[in-house]
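Trainee: Okay, here's the structure, questions in a sec.
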Amino acid sequence: MGTPTSRSSSCDLNGIEYVEVLDTAAPSEDLRQLILYVRLVRPVPDGLDRSNVVIEGGERIPTVEVGWAAPGNSPGVPPELLVGIEAPDHVLVVRTADRGDFSTYRLRLVMNRESDLAPAGFDPLLAEAEFAFRVECPSDFDCAPAEACPPAVESSPTIDYLAKDFRASAG
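In structure tokens:
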């Protein structure tokens, strides 16, 4: 267990809360599944750009190249991409070069392309997150067929054929 000072300083680390893919709400059809919102715990640090983002893990498309990446509050991000985004200073907007497949991908924030280490100020465990590009796409892949449930069977009354009817025999 660390000292109170080290525990309080560890709270200053940044990390990824979640990754969101802009799909049906995209301002144009051309941008569907090409814009990622990487929500961070703390504001996006200065200097974080495309060289710090690695996207990998697909089956047909194993690596997705990053076209650009910028904090949501930077002037380089088109305003139409930020509609409905709360606290844009906590969001790294990533524009990918390609759409991924139906697989699960992993987005990692790294110091640079030659390093697997998390950027300075980031928790190594929270410097990566899994996501899927095609969450809003209907898919029949790997889905079990829907089973029709049989109708509910009503319970029948309990009949005891060995019970004696005392009223009928008393008469």
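For the sequence shown, position 138 matches number 1302 in this note's numbering, and the numbering has no gaps at all. Glycine included, every Cβ here is placed at the ideal spot set by N, Cα and C. Just so we're clear, the structure is a prediction, and the values are computed from it rather than from any experiment.
#1: Should LEU1200 and VAL1218 be called a contact, given that it needs their Cβ atoms to be closer than 8 angstroms?
#2: Can you name, in chain order, every residue of its own chain whose Cβ lies under 7 angstroms from the Cβ of ARG1224, other than the five neighbours on each side?
#3: Please report the straight-line C-alpha distance between GLY1211 and SER1267, rounded to a whole angstrom.
#4: Might you give, ordered along the chain, the residues of its own chain that have their beta carbon closer than 6 angstroms to the beta carbon of GLU1292, omitting 5 neighbours on each side?
#5: Cα separation between PRO1288 and GLU1220?
#6: By Cβ distance below 6 angstroms, which residues in the same chain neighbour ASP1194 in space, the five residues on each side in sequence not counted?
#7: Any heavy atom of the ligand FAD closer than 7 angstroms to the Cβ of SER1319?
#8: Helix, strand or coil for GLU1193 per DSSP?
#9: Does the distance from the C-beta atom of THR1260 to that of LEU1186 stay below 8 angstroms?
#10: Tell me whether PRO1235 is buried or exposed, calling it buried when 16 or more other Cβ atoms sit within 10 Å of its Cβ.
#11: Are there 16 or more other CB atoms within 10 angstroms of the CB of ARG1171, so buried, or fewer, so exposed?
Mentor: In this structure, then:
#1: Not a contact, by the Cβ cut-off of 8 angstroms.
#2: ASP1265
#3: 30 angstroms
#4: ARG1270 and ARG1272
#5: 17 angstroms
#6: For ASP1194, where only same-chain residues beyond five positions count, there are no Cβ hits under 6 angstroms.
#7: This structure does not include the ligand FAD; it has no bound ligands of any sort.
#8: helix
#9: no
#10: buried
#11: With a pLDDT of 38 at ARG1171, under the threshold of 50, the modelled position of this residue cannot be trusted, and the question is left open.
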